[in-house]
Each structure stands twice: as C-alpha cells, then as structure tokens.
Amino acid sequence: MKNTKIAVAKISSVDGNVTENIAVHMNAIEKAVSVGVSYIVFPELSLTGYLPECASNLAFTVDDKRLQPLIDIAKLNKITVGVGLPLLTTGLPHIGLAIIYPTGRVESYAKMNLHSGEETYFSVGDKRHSFQLNNITVANAICADTNHIEHAKGCAALGADVYMASVLITAGGYDADTQLMSSYAREFNMLVAMANHNRPTGNWDPVGKSAIWTKSGQLICADESHNALVIAERKDNDWIGQVINL
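Position 193 of the sequence shown, counting from 1, maps to 193 under my numbering, and the rest follow consecutively.
This is the structure we're talking about:
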C-alpha cells in the first residue's frame, strides 16, 4: 500500500450557523493539507450542529451552493473531505455525510441506524458507502451505525481497510461506544477512526476524544477540549498515529 494519511477532526459546531462552521472546517482542512492528509472526516452534523428539529430547514443537497468553499479547497489541494450535514430527501431528511473528492464531485452517505428519538426528524439510509483512496478501501459510518456490528461487518465484506465514523458521543456513552469500535478493528482487521464534537451542540454535551484504533488496540486519542486533528499514517504495512492541535 502507498503511504496514506487519514484524519478525523475534533471540533465544535455553532448551532445553526453554517457560514461560521464552514470557516472552522476550512481551517482544519488547511492544517490537514499542510501535513499531507488525503482524507479528513468531521463529526456528525458538523456543518449545522446537532439540531434535529431544524434539520429540514437546514438540509443540503449534494449540489448545494453552500458547499462550494469546501469543494474549492478540496480541488485546489487534492484532498478528500467528509462533512456532516442533514441531507434533503422527499420525506424527512437523512443524517448524512457529504464526501467531497479532489475532482469536485460530491457523493453522500446516509446514516443507516438512528438513535432512539431521531426517527421523529430523520429517515434512515439504506446503502453503505465506500471508496478507493490510494489503493486503500475506505468505508464511512455515522454515530449509531457503529453500535450495530452488522454495519461494520458489511463494510468489511466490501473490502474496507479503513472504517471512518462521524459521531456525537457524550461522556456517558464514550467507553461503551469506543469498546465496540476497538472490537471492530480487531475482529475485521480494519483501521477504525472516530471524529467527535468537543463542545455542547443541541441538547448534548459531547466529550471530544476523537480516536483511532488498529487490530492491536488504540493507536491514538485526542483530549476532550482542544480542536485537533487525529491522524493515522500508513507506513510499511503499519499505522502511525499523531495528534495536531488546531
């Protein structure tokens, strides 16, 4: 495998302020570019904050003009970017991830497993998402997807080498959720990476601590508070971890 760097961001979102949130994303992407990252993923609903009751009004399409600054920076720097956002549908919106490629093409993944209560505001997705990154197969997940082993197992069946999760996890759920992610890395021989918020959003108080696991256990973990990138670099069939504060 060619040497490849992936990153999960640990940032805060300003609820409902897409413009300000895009600026935070741009800063993180610029730092990721400066250290050679090929794919960066942000937390769940990172562009809007976690506001289920406002999701329909804030929802995006893949050709939404609000994404243009992110498309431009991805094209200019040949980086792939995964951002959390509500996705417009004919019914209730999806909790989604927009995957922006260096070509400017935008694909989307819709969360397949909702937390209790989310079904009031969101509809479920029905298809996993994976893509090729420097001869590595990367699969995407969103928060509660990681609570269901069948999601990770299905991604492994697609040949995933890397399983990237965009999440919102609080202190109360962190240990149980990350134990599951660690088990997926071990059982399916995938690098598992998790991007979490680090400030309150909606009615939730996320704990930060974005992290990455290999089959051998935790590779690297950020702290609770600072905005940061948690990075894994593939070198000689092994992964090396690094945290860079923003």
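Where is the CB? At the ideal position from N, CA and C, for every residue including glycine.
Given a threshold of 16 other Cβ atoms within 10 Å of its Cβ, counted over all protein chains shown, does residue i qualify as buried or as exposed?
i	result
E44	buried
V37	buried
N57	exposed
G49	buried
T178	buried
G125	buried
L219	buried
R234	buried
Looking only at its own chain, which residues have a Cβ that is under 6 Å from the Cβ of residue i, when we skip the five neighbours before and after it?
i	result
V33	N77, I79
D236	none
V62	V106, S108
N275	Absent from the structure is residue 275, since the part of the chain shown begins at 1 and ends at 246.
H115	A144
To which residues of the same chain is residue i closer than 7 Å at the C-beta, ignoring the five residues directly before and after it?
i	result
N189	K215
T89	S123
A59	P86, L87, L88, P93
H151	M112, N113, A141, D145
Are the Cβ atoms of residue i and residue j separated by less than 8 Å?
i	j	result
S13	T201	yes
S247	V8	In the structure as shown, the chain starts at 1 and stops at 246, and residue 247 therefore has no counterpart that could be examined.
I212	A228	no
A165	A185	no
V83	S108	no
K75	P52	no
V35	I231	yes
Y163	A55	no
E223	G241	Strictly speaking, residue 223 in this sequence is Asp, with Glu absent from that position. No, they are not a contact pair.
G104	R128	no
V81	I11	no
Does residue i come within less than 8 Å of chain C when only Cβ atoms are used?
i	result
K153	This model lacks chain C altogether; it includes just one protein chain.
Apart from the five residues on each side of it in sequence, which residues of its chain come closer than 8 Å, Cβ to Cβ, to residue i?
i	result
N27	L246
A160	S130, T137, V138, A139, F188, M190
P206	P43, L168, I169, T170, N196, H197, N198, R199, P200
G91	S123
G172	none
Looking at residue i and the ligand COA, is the gap between the Cβ and the nearest heavy atom below 7 Å?
i	result
F122	Looking for the ligand COA in the displayed structure turns up nothing, as the structure carries no ligands at all.
Can at least three beta-carbon pairs, one atom from the stretch 122-142 and one from the stretch 4-12, be found at a separation below 8 Å? Output reads yes: the stretch 4-12 touches the stretch 122-142.
Quick check: the stretch 147-164 against the stretch 17-28, are at least 3 beta-carbon pairs closer than 8 Å? Result no; under three Cβ-Cβ pairs closer than 8 Å.
Assess contact between the stretch 85-98 and the stretch 59-77, defined as three or more Cβ pairs (one per stretch) separated by less than 8 Å. Is contact present? Yes, since at least three Cβ pairs between the stretch 85-98 and the stretch 59-77 fall closer than 8 Å, the two stretches touch.
Beta strand (DSSP E) runs contained entirely in the stretch 129-170, provided each spans 3 or more residues: Segments of the beta strand (DSSP E) lying fully in the stretch 129-170: 130-133, 136-142, 162-166.
List, from N- to C-terminal side, the beta strand (DSSP E) runs of 3 residues or more that fit wholly inside the stretch 1-52. You should have 5-10, 39-41.
Complete runs of the beta strand (DSSP E) confined to the stretch 187-222 [at least 3 residues]: Secondary structure in the stretch 187-222: the beta strand (DSSP E) runs of 3 residues or longer, each lying completely within the stretch, are 191-195, 211-214, 217-221 in chain order.
Let me know the beta strand (DSSP E) ranges lying completely inside the stretch 79-113, each 3 residues or longer, listed in chain order. Taking only runs of at least 3 residues, the beta strand (DSSP E) segments lying wholly in the stretch 79-113 are 80-87, 94-100, 106-110.
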